[in-house]
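Following: one structure in structure tokens, then a few remarks.
2 protein chains.
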Amino acid sequence: MQPHSTVQDVTIYTDGGCSPNPGPGGWAAILLFDEKDVAGRRKEKRLKDGVYDSTNNRMELTAALKALEALDGPARVELHTDSRYLANAFNQGWLENWQENGWKTASKKPVKNKDLWQKLLAAAEAHEVEWIWVEGHAGDPLNERVDDMVGQARAEFE
Amino acid sequence: MQPHSTVQDVTIYTDGGCSPNPGPGGWAAILLFDEKDVAGRRKEKRLKDGVYDSTNNRMELTAALKALEALDGPARVELHTDSRYLANAFNQGWLENWQENGWKTASKKPVKNKDLWQKLLAAAEAHEVEWIWVEGHAGDPLNERVDDMVGQARAEFE
RNA sequence: AGACACCCUAUGGA
DNA sequence: TCCATAGGGTGTCT
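So the sequence lines, in the order shown, correspond to chains C and P. Per our numbering: the first sequence = residues 11 to 168. Per our numbering: the second sequence = residues 11 to 168.
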């Protein structure tokens, strides 16, 4: 046995959507762990679910939240999302500003989806998360898989 | 020939914008006269132009200025604008205050666009102008036309 | 603190 | 083409 860091590396792909927006929605996440299974394949977890009525952005946030909550212990995470809304909130310091300003946007209006943002902050705190924005139609096979899963999840709530 | 008043009635639609703001800008105006042409259609004048660098507010003011300057003789004018900046300057007495205070704002700072405001005052003096504020996306077809013209004008200066 | 306008970005859809 | 969900900013005034 080799010694190993207690921090695992995880790559996560997330997506979410509603049709129409707002309306029935779905989200999905694929977690790829560094650990291998007995066959030598990268361990993987897949999550998906839906709701009868939501918004595209809430589904994008939910996908990331559920993925982070599905981690067993502290992890170094690369989380891929096609949502600028989500990626910029972390990468452009939006969340820090909102927390300092009492959750008001730059135009002094209440930040939407505050409940999810706060859960997301709590869930991300335990880990070292890198938020990676990926262009919507970038052709990455993993992203196409997640997209399919969102459609499947959503279909059960139409 | 019928006798007619020397004062004509004119309805004017104006708009202006920059993209980005500040940046390349355009303005446009549609003037609808009461006179009919030989086909019995309301006579109409359309104006538009652009500049390489300006601000949204300067473009809104310019649209109104150029429209008033395009009138042949004294007129009763209904001028439609979606700019509160422009409409309030005339309707809320801002301009009167500025002239009395040596072109200082309520917070003692120099009024911006003084050059355009002064030309506008001069141009409006010859007429009886009613400044009508219209909500930006009110769905009025004439306003949509003017909006299109602004885009066209601006496009030549990008 | 308020208002209007001008935009910029991405996603989700019809 | 259109709309909705969301954010950032500037131009201007009271």
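Yeah, the Cβ is synthetic: ideal placement off N, Cα and C, and Gly gets one too.
The DSSP-derived three-state label of P:L75 is helix.
Cβ contact annotation for C:D47 (same chain, cutoff 8 Å, sequence separation greater than five): K53, in chain order. Residue environment for P:D92: buried (at least 16 other C-beta atoms within 10 angstroms of its C-beta).
Around the C-beta of P:V156, 16 or more other C-beta atoms lie within 10 Å, and the residue is accordingly described as buried. Partner residues in the beta bridge of C:G35, as assigned by DSSP, are C:C28 and C:V61. Counting along the chain, the unbroken alpha helix (DSSP H) around C:E154 starts and ends at P151 to A165. Boundaries of the alpha helix (DSSP H) around C:W104: W104 to E110.
Beta-bridge partners of C:A85 (DSSP): C:Q18. Boundaries around P:W127 are those of the alpha helix (DSSP H), K124 to E135, since no beta strand (DSSP E) includes it.
The alpha-carbon of C:L78 is positioned some 14 Å away from that of C:I142. The beta carbons of C:K58 and C:A163 sit closer together than 8 Å.
DSSP, read as helix, strand or coil, puts C:E54 in strand. In the DSSP assignment, C:A97 falls within the alpha helix (DSSP H) that extends over R94 to N101. Bridge pairing for C:K114: C:P120 [DSSP]. Put simply, the segment 33 to 42 of chain C touches the segment 58 to 72 of chain C. At least three CB pairs are less than 8 Å apart.
Between the alpha carbons of C:H147 and C:N153 lies a gap of roughly 9 Å.
C:P151 has its alpha-carbon roughly 24 Å from the corresponding atom of C:A85. P:L75 sits close to P:L130, with the two beta carbons spaced by under 8 Å.
DSSP places P:V144 outside any beta strand (DSSP E), giving it a letter other than H or E. DSSP places P:E168 outside both helix and strand once states are collapsed to three, so it counts as coil. A straight-line Cα-Cα distance of about 37 Å links C:N98 and P:T24. The Cβ atoms of C:P32 and C:D82 do not sit closer than 8 Å to each other. Distance from the CA of C:E145 to the CA of C:G27, rounded to the nearest whole angstrom, comes to 15 Å. Ranked by Cα distance from C:G112, the options C:N101, C:K124 and C:Q102 are led by C:K124. Take the alpha-carbon of P:W108 and the one of P:G161: they are about 32 Å apart.
Distance from the CA atom of C:Q102 to the CA atom of P:Q102, rounded to whole angstroms, is 40 Å. Buried is the label assigned to P:T21, since at least 16 other Cβ atoms lie within 10 Å of its Cβ. In this structure, the alpha-carbon of P:A136 lies about 56 Å from that of C:S29.
Judged by their CB atoms, P:E88 and P:E45 are not nearer to each other than the 8 Å cut-off.
With contacts defined by Cβ atoms closer than 8 Å, C:L71 and C:L105 do not form a contacting pair.
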